[in-house]
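A.B. asks: Anchor point for the sequence shown: position 111 equals 111 in my numbering, and the numbering is continuous, going up by one each time. All C-beta atoms, glycine included, are put in the ideal place defined by N, C-alpha and C.
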Amino acid sequence: MLGLSLRVAPTMQFDLRPEDEGILAVVPTLDLIEEMVELQCRATVVSRAIDDELKRVESVVIPKLKNRLEDSALSLKNALAAADKCQEEKQKEKQLAQEEQEALKATLAKVMAERDHLMQEKANLTADKESLNVEIEKFQGFMLRINEESFNQGVRQVAFFHGVPTDDSRYDLGKDVVNGQLVPLGR
């Protein structure tokens with residue numbers, strides 16, 4: 001008579017006797033598995049969003065700033081040429097060029113600060129992603145050990161209940177019984 005049914009994945013269910021309930025302490029639940037998968041998905045989405053934002057900054061913002069800088073340099077050159085014609089115009093153009101240069105410096109400083117912030121954020125998220133990947137690898141190894149131990153437990157029970165020896169040299173894990181014959185797996 002079975003006492004408890006344990007579901008650890010959509011396709012895995014174990015029926016446990018009342019005396020086997022202690023095994024629940026070492027078997028992760030479906031909720032834990034789903035949470036780990038969700039965390040991995042979130043880390044991937046965040047990493048992709050950061051990569052996309054950095055690509056956008058590199059392909060859109062920086063070229064725009066370079067164009068603005070080139071435009072400003074051209075404007076400054078024209079102002080200097082006009083300044084040669086007239087001393088009064090020279091003073092006005094020089095002042096205009098200085099103001100524009102200050103604005104460009106301020107804009108460049110803001111963009112560089114934003115870039116530094118994004119780079120730091122990317123580094124933090126990359127570290128978080130690595131940490132999550134380590135946890136996922138540990139969890140996957142744990143799940144593989146559980147599956148292997150469950151299989152080995154079944155083999156031991158077959159040997160115990162049916163007296164079938166498990167050390168027979170005719171056993172081949174690369175084969176299966178199909179239609180009463182031993183055939184290679186994958187056929």
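#1: Starting from residue 39 and walking both ways along the alpha helix (DSSP H), at which residues does that stretch end?
#2: What residue from 93, 74, 68 has the CA that sits closest to residue 82's CA?
#3: Roughly how many angstroms lie between the CA atoms of residue 52 and residue 126, to the nearest whole one?
#4: DSSP on residue 181, reduced to helix/strand/coil?
#5: Cα separation between residue 85 and residue 76?
#6: So, at 7 Å on beta carbons, what are the nonlocal neighbours of residue 183 in its own chain, with the 5 sequence-adjacent residues on each side left out?
#7: Taking 8 Å as the cut-off, decide whether the C-beta atoms of residue 104 and residue 74 are in contact.
#8: By a C-beta neighbour count over all protein chains shown, 10 Å radius and 16 as the cutoff for buried, is residue 185 buried or exposed?
#9: Would the beta-carbon of residue 54 fall within 8 Å of that of residue 132?
#10: Under a CB-based cut-off of 8 Å, is residue 57 close to chain B?
#11: For residue 62, count neighbouring C-beta atoms within 10 Å of its own C-beta (all shown protein chains included) and say buried if the count is 16 or more, exposed if not.
C.D. replies: With the structure as the only source:
#1: Position 39 of the sequence shown, counted from the start, is the residue given in the question as residue 39. Here the alpha helix (DSSP H) through residue 39 covers 30-56.
#2: Taking the sequence shown and counting its residues from 1, the one referred to as residue 82 is at position 82. Residue 93 is the option with its Cα nearest to residue 82.
#3: Within the sequence shown, numbered from 1, the residue matching residue 52 stands at position 52. Within the sequence shown, numbered from 1, the residue matching residue 126 stands at position 126. If I take the Cα positions, the gap works out to 14 Å.
#4: Start at 1 with the first residue of the sequence shown, and residue 181 comes out as number 181. In the structure shown, the three-state DSSP call for residue 181 is strand.
#5: Residue 85 sits at position 85 when you count from the first residue of the sequence shown. Residue 76 sits at position 76 when you count from the first residue of the sequence shown. Each residue's CA atom was taken as its position, placing residue 85 and residue 76 some 15 Å apart.
#6: The residue given as residue 183 occupies position 183 in the sequence shown. Around residue 183: 175, 176.
#7: Within the sequence shown, residue 104 is the residue found at index 104, counting from 1. Within the sequence shown, residue 74 is the residue found at index 74, counting from 1. Cβ atoms of residue 104 and residue 74: not closer than 8 Å.
#8: Here residue 185 is taken as the residue at index 185 of the sequence shown, counted from 1. By the 10 Å Cβ count, residue 185 comes out exposed.
#9: Locating residue 54 in the sequence shown gives position 54, counting from the first residue. Locating residue 132 in the sequence shown gives position 132, counting from the first residue. Not in contact: residue 54 and residue 132 (Cβ atoms no closer than 8 Å).
#10: No chain B is present in this structure, which holds just one protein chain.
#11: The sequence position of residue 62 within the sequence shown is 62, counting from 1. Label assigned to residue 62: exposed.
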